[in-house]
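Residue numbers (my numbering), protein chains in the order written: chain A, 2 to 698; chain B, 108 to 263.
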């Protein structure tokens, strides 16, 4: 059991600091309620939604609630995963029980303290706005006043949680707790950390994935004023300097001879051909129902289509970074991470210290999107190595934007080969879906949880193998593409590519059948009430079927991911030059019970921008083994002037709570592509959308 | 040695004249509200004011700031900073928040020059600032709101 849980009071030198009924709550004499949050705040709003769960059951005064990032400790492990990590849009629903329990337990102990003080029956006390109240005698005490006494109370074994009908905070639009500091420039991200005596390092990494340093000459770099050390680490050559700028100049002055390795000839055009060939071969079966081949032969009409999606970089606004201070008997790490346990363990491995000698501070993340949760902990390993092996001083390793865009860990390149058979009425009788992409799970510590029989990576086929549409004959399989380029989960993971293929192809089927894409979907979703719920809501709010201005088209897509259901209707037009304009997106979500509707809206808006950016611009390509893109000039982001009007509608739902952060991403690319088909008659089967495919002149 | 005036305070810093102002603010002066994100003037996260004009500090050599007034998010005057920050809170704008100091510094210049900016004015002023979290719709609403709040305040 964790050290932290042994105490119900935090003390320093015998002085009472705070009531600490469990790992998640501290209540000080000043009435401040500090919620220790074990999930990383990367914009998705957990530093507000998770404290809301505690505050609701605690009946806390919301204006007194503060947040602190959890240290690394088993007490703070993900409720399902057995390690401390943030991802998979799981933070809120996996903490739903535990944090409410924590709040209710603290409340019961505060009531017990007051009741003992007043010598009354605890059942005659109630709580409100951070006070225990004994109405009969007109007495009340604040939680701060009761904190010390509450620390001596025995935690109750069982607490009864509130009936959702009595919630006063959960479900209410609640302003984020972190907005004031984020608008004043005082919020501290990893890149803002400063430790006394700290140096700054940039690392020259191989220009080709899998490359290695053959030899290097540090002379030029060392001649740069402010450069202190040049050292080889696992990832490449680190130039350590007084600050970013000399490190940057020093890195440019390095002369490195690389062994470029087997990917020196990697070329995106050849890679496309290679994937197309792989798509002809049967893969690992992910889903099989009926007999697709027989049904296809008997079908009245057959459709075939291939969809292609590129490698994508996450490009969080804050480039990766890690501050490490390695000493003979301790190591401190400051970083924005989604994977605390793994990163701490990596620091343990690199330093040879014991886990309890390594302290990892989770800073605010300037965006994550999956990029800061890396199974190999590479950016923390690097930081610790530079501090330990090379410098023996605290060091901040900074990635430049170029390092980030060219640094790999991309959303995998994917080719989807689809075939379907329709009967005479246009109903689909057969559906064959083959996916070609890399796996970033096979041969990692996560393989056991994610890979079936060592051959089927379930996150490569998520969103495809669980096709909701009622089709009697079905075959979904996966061809593992060769390793080499490093790949990773990218906001919505497998769904980020499978939804495009599934929802575009379904639209093709609807058109081939001469049916309305909404009616066609609805008829095939008979057994899926939650899909239907968001579908109906989205089309109703979007005015589906109503006339649009000349040149505009409307497109629909629906997708379940992370146990939530999202439907989107996009309205688009295309200029003569083939430039796409997305005017409006109507988005409906069913994520079950709602904690903070503001956060859900924000995540839908943001997810749509994230997915739209990829659909319109996102592409990492290779030539001579090198990544062609380098920064926001050639790996563009959607900007304010291109922002569509986004309307978000949250479906009232008492079904199981699902995730939010990633769930708006999958439907937007197919919704836009389907809208483009409606507007122009051109079917988009390759992302990003290319203006040459759409221009009319 | 280079003499600088930042947020109405005088500093003398020992850095090369070509050092981007961003790193002098971030590292030398510890004014970490100004953010590094692209380094090539493509995203606006490092936006500061130089004699009242919005500039990208990541490509501004520190020597260019000599003899000028440098203003960062930490020193933004209350007549602009307060309505903007309040509007940002009301509209719940930030997600990760990393780009927000830069967004607010760009918006501040817009509001100083334009009492009630139109959507087109906002497009023109804010398109240099990337928000990877996609808070654009809220940024637009918050700028309109801040303009109204500033307007009301001026009328009092």
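Beta carbons: idealized from backbone N, C-alpha and C, even for Gly.
| Asked | Found |
| --- | --- |
| Neighbour flag for residue 611 of chain A against chain B, beta carbons, 9 Å | yes |
| Which of helix, strand or coil DSSP assigns to residue 123 of chain A | helix |
| Span of the beta strand (DSSP E), counted from its first residue to its last, around residue 478 of chain A | 474-481 |
| Separation of residue 61 of chain A from residue 202 of chain A, as counted between CA atoms | 44 Å |
| Residue nearest to residue 120 of chain A in terms of C-alpha spacing, selected from A/137, A/164, A/651, A/682 | A/137 |
| Exposure of residue 39 of chain A, with buried meaning 16 or more beta-carbon neighbours within 10 Å | buried |
| Min CB distance residue 197 of chain A to chain B below 9 Å | no |
| Cβ of residue 217 of chain B within 9 Å of any chain A Cβ | no |
| Residue 494 of chain A - partner residues in DSSP beta bridges | Beta-bridge pairing links residue 494 of chain A to no other residue. |
| Neighbourhood of residue 263 of chain B by C-beta distance below 7 Å, restricted to the same chain and skipping five residues each side | For residue 263 of chain B, the predicted model reports a pLDDT of 46, less than 50, meaning its position is unreliable and no value from the coordinates is stated. |
| Enclosing alpha helix (DSSP H) for residue 53 of chain A [first to last residue] | 47-59 |
| Under 9 Å between C-beta atoms of residue 54 of chain B and residue 209 of chain B | Given a span of 108 to 263 for chain B in the structure shown, any question on residue 54 of chain B remains unanswerable. |
| Under 9 Å between C-beta atoms of residue 111 of chain A and residue 147 of chain A | yes |
| 7 Å CB neighbourhood of residue 659 of chain A in its chain, flanking five on each side removed | 94, 563, 564, 565, 592, 593 |
| C-beta neighbour in chain B for residue 620 of chain A, strict 9 Å | no |
| Min CB distance residue 159 of chain B to chain A below 9 Å | no |
| Three-pair Cβ contact test at 8 Å for the segment 643-652 of chain A versus the segment 582-589 of chain A | yes |
| C-beta contact flag for residue 288 of chain A and residue 476 of chain A at 9 Å | yes |
| Chain-ordered neighbours of residue 237 of chain B on chain A, where CB pairs are closer than 8 Å | 318, 633, 638, 640 |
| Through-space distance from residue 271 of chain A to residue 623 of chain A, alpha-carbon basis | 10 Å |
| Under 7 Å from the C-beta of residue 245 of chain A: neighbouring residues of chain B | 130, 134 |
| Exposed unless 16 or more other CB atoms sit within 10 angstroms - verdict on residue 686 of chain A | buried |
| Proximity test, Cβ basis, 9 Å: residue 199 of chain B and chain A | yes |
| Proximity winner among B/218, B/242, B/249, relative to residue 605 of chain A (alpha-carbon distances) | B/242 |
| Length at least 3, wholly inside the segment 357-390 of chain A: the beta strand (DSSP E) runs in chain order | 359-363 |
| Burial state of residue 615 of chain A, where buried means 16 or more other Cβ atoms lie within 10 Å | buried |
| Chain-ordered residues of the segment 205-231 of chain A with a beta carbon less than 9 Å from chain B | 226, 227 |
| Interface partners of residue 181 of chain A on chain B, CB under 8 Å | 192, 196 |
| Per-residue DSSP class, three states only, for residue 355 of chain A | coil |
| Within-9 Å CB hit, residue 263 of chain B to chain A | Low local confidence applies: a pLDDT of 46 at residue 263 of chain B is under 50, so the model's placement there is unreliable, and no value is given. |
| Within chain B, the residues that residue 596 of chain A reaches when beta carbons sit closer than 7 Å | None at all; the shortest Cβ gap to chain B is about 14 Å. |
| Spatial distance of residue 125 of chain A from residue 63 of chain A (CA atoms) | 24 Å |
| Cα-Cα separation between residue 246 of chain B and residue 143 of chain B, rounded to whole angstroms | 20 Å |
| Of the listed residues A/556, A/603, A/461, nearest to residue 585 of chain A (C-alpha basis) | A/556 |
| Segment contact, 8 Å Cβ cut-off, at least three pairs: the segment 252-268 of chain A with the segment 405-416 of chain A | no |
| Spatial neighbours of residue 257 of chain B in its chain, beta-carbon cut-off 8 Å, leaving aside the 5 residues before and after | 186, 187, 190, 218, 222 |
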